[in-house]
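K.L.:
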Amino acid sequence: MKNLKSLIAVFGLIILTVNISCAQQKIDEKTREEAKQRFEAYMEKLNLNDDQASKVEEVNAKYFEQLQGLRESDVSRLKKYQKYKSAKKEKDQKMKEILNKEQYAIYEEFQKELKDDFRKQRKSGS
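Residue numbering for the sequence shown is -23 to -1, 1 to 103, as defined by mature numbering (1 follows the signal peptide of the UniProt record, and there is no 0).
1. Within 10 Å of its beta-carbon, does A12 have 16 or more other beta-carbons around it, so buried, or fewer, so exposed?
2. Would the region 38 to 53 and the region 76 to 94 be scored as touching if the rule is three or more Cβ pairs under 8 Å?
3. How do the region 20 to 27 and the region 79 to 89 stand: do at least 3 beta-carbon pairs fall below 8 Å, yes or no?
4. Kindly indicate which residue of K7, V36 and Q14 has the alpha-carbon position closest to the one of D69.
5. Should L47 and K39 be called a contact, given that it needs their Cβ atoms to be closer than 7 Å?
6. How is Q1 classed by DSSP in three states: helix, strand or coil?
7. How would you label A30, buried or exposed, when you count the other beta carbons within 10 angstroms and need 16 or more for buried?
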């Protein structure tokens, strides 16, 4: 039950990431549903235990707070990008400590897919 609650919380954070990434872009319902399905498949692949799930939830919560702060800040784009890269590096390091090698490989694959999708969306202008 605790694991399920943690997974739901993590899911909410990932959906928030999709929303933040696409805040200035309109996403249709189909795209949101695809992202939701991909995330659910990702969570199944990770197969987190209760301890891992709670730690991942904490790491994601901190990361999304940092992203929200960046979004609301008045610093230059370059400074925002530098702070984003620093926050991402910190998150990746913490995830590496929490997850085993197989889980971390799945995590990296999912992060690469998100990055590729973001780049495609930016190029297409949608």
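Quick reminder that beta carbons are idealized off the backbone N, C-alpha and C, glycines included.
P.N.:
Answer, in terms of the structure:
1. Numbered from its first residue, the sequence shown carries residue 12 at position 35. Buried is the call here.
2. No, the region 38 to 53 does not touch the region 76 to 94.
3. As far as the Cβ criterion goes, the region 20 to 27 touches the region 79 to 89, which means the pair count is three or higher.
4. For the purposes of this step, residue 69 is taken as the residue at position 92 of the sequence shown. Per the Cα distances, V36.
5. Taking the sequence shown and counting its residues from 1, one reaches residue 47 at position 70. Taking the sequence shown and counting its residues from 1, one reaches residue 39 at position 62. Not a contact, by the Cβ cut-off of 7 Å.
6. If you number the sequence shown from 1, residue 1 lands on position 24. With a pLDDT of only 46 at Q1, under the threshold of 50, the placement of this residue in the model should not be trusted, and no figure is reported.
7. Taking the first residue of the sequence shown as position 1, residue 30 is located at position 53. In summary, A30 is buried, with 16 or more beta-carbon neighbours lying within 10 Å of its beta-carbon over all protein chains present.
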